[in-house]
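Undergrad: Residue numbering for the sequence shown follows full-length UniProt numbering, beginning at 1 and increasing consecutively.
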Amino acid sequence: MSVKDHLIPQIKELLDKYGISEFTEAQENLIPIVLEGKDAILISPTGSGKTEAAILPIFQKILEEKLLPICALFITPLRALNRDILGRLLEYGKNIGIRIQVRHSDMTDAQRKELRDNPAHIIVTTPESVQILLN
1 MSVKDHLIPQ IKELLDKYGI SEFTEAQENL IPIVLEGKDA ILISPTGSGK
51 TEAAILPIFQ KILEEKLLPI CALFITPLRA LNRDILGRLL EYGKNIGIRI
101 QVRHSDMTDA QRKELRDNPA HIIVTTPESV QILLN
C-alpha cells in the first residue's frame, strides 16, 4: 500500500498542488506510523523530506478530528530553521485551512498578544521558547 493511500483527499490535493507525486524513503517509513497514532523518531539527512514526513500526518489529524488551536508544537533546534520551515508550513496551511504561527524570544508585545488571543493550530518554536512558556 502506498503512503498516498493512507491520506485524506485534502492532503492529496495539497500534494498535487505542490507537485509532490513521489515520497522519499523517510516519508514512506514515517507517515504510516504516525497516522496509526504511534510515536516515532526520524533521523534522516538534510533534504530527505523530514518536514513533510512530520507535518503531513499532523495536518491530517487536525483536519480529520477538527482539532482546535493550539493542537501541535513544531519544535526545531534553531530559530534559523524555524524561519526556513515556517514559510513552507504557512504556504501549505493556507491551502487547507490550518493556521500556523511562530513563537520566538524577539516577538513584540503585540505579536505575543495575537498569539495568546488568536492562536494558530500549529506553533513553530524552539526548545528555549518552550521553556520560557512553561516557566
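Ideal placement from N, C-alpha and C gives every residue a C-beta, glycine not left out.
1. Starting from L81, trace the alpha helix (DSSP H) both ways and give me its first and last residue.
2. In chain order, what residues of the same chain have a beta carbon less than 6 Å from the beta carbon of S48, not counting five sequence neighbours either side?
3. Provide the residue span of the beta strand (DSSP E) that contains T125, from first to last.
4. Near S129, which residues of its chain fall below 7 Å by C-beta distance, leaving aside the five closest residues on each side in sequence?
5. Quick check: what's the CA-CA separation for L63 versus T108?
6. Would Q10 and I70 be called neighbours here (beta carbons separated by less than 7 Å)?
7. Measure the C-alpha to C-alpha separation of E65 and E114 and round it to an integer number of angstroms.
8. Using the three-state DSSP reduction, which class does I132 fall into: helix, strand or coil?
TA: Walking through what the data contain:
1. As a working mapping, residue 81 is identified with position 81 in the sequence shown. R79 to I96 is the extent of the alpha helix (DSSP H) around L81.
2. Taking the sequence shown and counting its residues from 1, one reaches residue 48 at position 48. Within the same chain, S48 has close Cβ partners T24 and A26.
3. Taking the first residue of the sequence shown as 1, we reach residue 125 at position 125. Segment I122 to T125, the beta strand (DSSP E) holding T125.
4. The residue you call residue 129 lines up with position 129 of the sequence shown. Taking S129 as the centre and dropping the five residues before and after it, the same chain places the C-beta of R103, H104 and S105 closer than 7 Å to its C-beta, in chain order.
5. In the sequence shown, the residue the question calls residue 63 occupies position 63. In the sequence shown, the residue the question calls residue 108 occupies position 108. Approximately 30 Å between the Cα atoms of the pair.
6. By one-based count along the sequence shown, residue 10 stands at place 10. By one-based count along the sequence shown, residue 70 stands at place 70. For Q10 and I70, no; Cβs fall outside 7 Å.
7. If you number the sequence shown from 1, residue 65 lands on position 65. If you number the sequence shown from 1, residue 114 lands on position 114. So the alpha carbons of these two residues sit roughly 25 Å apart.
8. Locating residue 132 in the sequence shown gives position 132, counting from the first residue. In the displayed model, I132 falls within a helix according to three-state DSSP.
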